[in-house]
Structure formats: structure tokens, C-alpha cells
Ligand code: SAH
Ligand code: MG
């Protein structure tokens, strides 16, 4: 497996692959938060075996924590010409390196905007975008109705303990449970639900 810059542990990647294989017959996977393609490529490797598609949405300007001076700023993702974070070039480079992977559909845009016209139903939704409550909540509220019955909803960066990480994704996960989603599996900070 290609070594891709990103925020997914190997265990999380393996679990998400396994979960997608459970629901792929229901539809494609769509993830919010491509970054440099780490989770994307992990999904794509298994999706390829079953002719499945991976939609991945990112405006590629980075989340709050990726900006200049913030904790997860990465010089390699700073575009001098645009004078801002731009993760498209590294994503593109990573995709170039795995020519056999042809089932990824990268969508460059804001997940809020894209959701307004999106119609394709999903086997799995993976939410791994910004960690502000407003944004994580939008990612859930705007996309949840597209998941097929018995399909999968997965969140990354779930921290029950506030001293370990931000609480927004966890709060949104609790909303999903209130809506009737049930926790199906978990590894590290990746939690998967179904309904
Ligand atoms: N899944 C990636 C990590 C994603 S990091 C991995 O496996 O490594 C979070 C990403 O969400 C960032 O690249 C950021 O640009 C993107 N993002 C944040 N808010 C967004 C929004 N409203 N619409 C689209 N992308 C968003
Ligand atoms: Mg994450």
C-alpha cells in the first residue's frame, strides 16, 4: 500500500475497508475530507475488487487546523502562488502513483454546496471533514438521507474524552444515535453506525 500523508491509522484504514465491503452492494462510498487521499486510496483498493466507486469531496483549502500557524499546518501543502493551503497537487501526485486505481471520483468543492444537488444514494458515508461543530453537523445533516437502509455511516476523530480531542464529531455522532443509527463497530477514533 502506498504511503500517503494523512490522518488515518492503519487499523482504522483496515476497519473502514472491511465495513465498506459489507455494504458495497447497497451503493458507492462517499467521503467528506479527501486531504491527500489516504482514506480515499484505502477505500479504492477494496472497491476496485468489486467494481465499486469512491466519491471524495474536499474544497482542498484545508480545515482550521491545517492553516498557516496552526497545529497541523504542513509546508508541503502550502501553495505559494495561491498563498494558501492547497491539497490538490499532492492528491494528484498520489493518484498518479497508483495507475491501476481508476475508481476514484475526486470532487473539488465545499461539501455543503455539493450536497444541495447531490442525488446518488450511498452504501456508505464517511465523515472526516472539518471539526467545527457547525461543519461536522452540516456534513451529517446534509448527507445522511442519502445512505441506503442498512448502509453505513462512519465518523473519524471521535473522542469521548475532551482532553484527547475536539468534541464536535462526538456530539454529531450522538445526534445520529438519537436519529436511530446504531453503533456497529469501532477502532481507534473511527466509529461506524448503521440503521
Ligand atoms: N480523510 C483524510 C483526512 C481529511 S482532513 C485522510 O485520510 O487523511 C479534513 C479535510 O476536510 C481537509 O482536507 C479539508 O480541506 C476538508 N474540509 C473541511 N471542511 C470541508 C468542507 N466544508 N467541504 C469540503 N471539504 C472540507
Ligand atoms: Mg480525521
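In the working numbering, the protein residues as written are 7 to 201. Each residue gets a CB set at the ideal place from its N, CA and C atoms; glycine is no exception.
{"Query": "Closest residue to residue 67 among 128, 154, 59 and 117 (Cα-Cα distance)", "Result": "117"}
{"Query": "Stretch pair the segment 35 to 48 + the segment 120 to 139: three plus CB contacts closer than 8 Å", "Result": "yes"}
{"Query": "Which of helix, strand or coil DSSP assigns to residue 132", "Result": "strand"}
{"Query": "Contacts around residue 29, its chain only, beta-carbon distance under 6 Å, and the 5 residues preceding and following it disregarded", "Result": "129, 130, 157 and 158"}
{"Query": "Supposed close pair residue 22, residue 48 - CB separation, criterion 8 Å", "Result": "6 Å"}
{"Query": "Cα-Cα separation, residue 186 to residue 86", "Result": "46 Å"}
{"Query": "Close-in-space but distant-in-sequence residues of the same chain around residue 146 (CB under 7 Å, 5 per side omitted)", "Result": "133, 178, 181 and 182"}
{"Query": "Closest by C-alpha distance to residue 155, when choosing among 75, 192, 121 and 200", "Result": "200"}
{"Query": "Span of the beta strand (DSSP E), counted from its first residue to its last, around residue 176", "Result": "No beta strand (DSSP E) contains residue 176, which is instead part of the alpha helix (DSSP H) from 174 to 184."}
{"Query": "8 Å contact criterion, which residue 26 and residue 63 should meet: CB distance rounded", "Result": "Not really, about 16 Å apart at Cβ, beyond 8 Å."}
{"Query": "Rounded distance between the beta-carbons of residue 110 and residue 50, thought under 8 Å", "Result": "5 Å"}
{"Query": "Residue 123 to residue 148 span [Cα, whole Å]", "Result": "11 Å"}
{"Query": "Local conformation of residue 60 per DSSP, three classes", "Result": "strand"}
{"Query": "Heavy atoms of ligand 2 versus C-beta positions, residues under 5 Å", "Result": "13, 134, 162 and 163"}
{"Query": "Neighbour-count burial assignment, residue 163, 16 or more Cβ in a 10 Å radius", "Result": "buried"}
{"Query": "Cα-Cα separation, residue 119 to residue 153", "Result": "18 Å"}
{"Query": "Nonlocal neighbours in the same chain, by C-beta distance under 7 Å from residue 8, ignoring five residues either side", "Result": "47, 100, 103 and 104"}
{"Query": "Residue 44: CB within 6 Å of a non-hydrogen atom of ligand 1", "Result": "yes"}
{"Query": "Residue 69 beta carbon near ligand 1 (any heavy atom closer than 6 Å)", "Result": "yes"}
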